[in-house]
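**Q** Pasting a structure here, questions to come.
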Amino acid sequence: MVPNVHEFPGHIACDSRSKSEICVPFRNSAGQISAVLDIDSELFNTFDEVDAEKLTEVLALIHSVETSHA
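Heads up: the sequence shown begins at 506 in the working numbering, then just goes up one per residue.
Structure below.
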């Protein structure tokens, strides 16, 4: 989580309106990061631990669907 992207060294903005960001890794069945869910907000300090937890749960659900269809 980055509460203020303007205070994060080396941040590369996808959109100039972005003020905060959360990134959650998606791990494949081998445990390797195969993608990253990256969400930006036009508001400062938008994301918290609850958001990170829920987004991780969403990615786990996607992973379970992915592996059940493999």
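Ideal Cβ placement from N, Cα and C applies to all residues, glycine included.
Could you please give me the residues that DSSP links to Arg532 through a beta bridge?
**A** Paired residue(s): Ile538.
**Q** Between which two residues does the alpha helix (DSSP H) carrying Val555 extend?
**A** Its alpha helix (DSSP H) spans residues 554–573.
**Q** Select from Ala535, Asn533, Ile527, Val541 the residue whose C-alpha is nearest the C-alpha of Glu554.
**A** The residue with the shortest Cα to Cα distance from Glu554 is Ile527.
**Q** Helix, strand or coil for Glu593? Go by DSSP, reduced to three states.
**A** Outside the shown range of the chain (506 to 575) lies residue 593, about which nothing can therefore be said.
**Q** Return the bridge partner residues of Ser507 from the DSSP annotation.
**A** The sequence shown places Val at residue 507, rather than the Ser named in the question. Beta-bridge pairing links Val507 to Glu526.
**Q** Would the beta-carbon of Ser525 fall within 7 Å of that of Phe531?
**A** Not in contact: Ser525 and Phe531 (Cβ atoms no closer than 7 Å).
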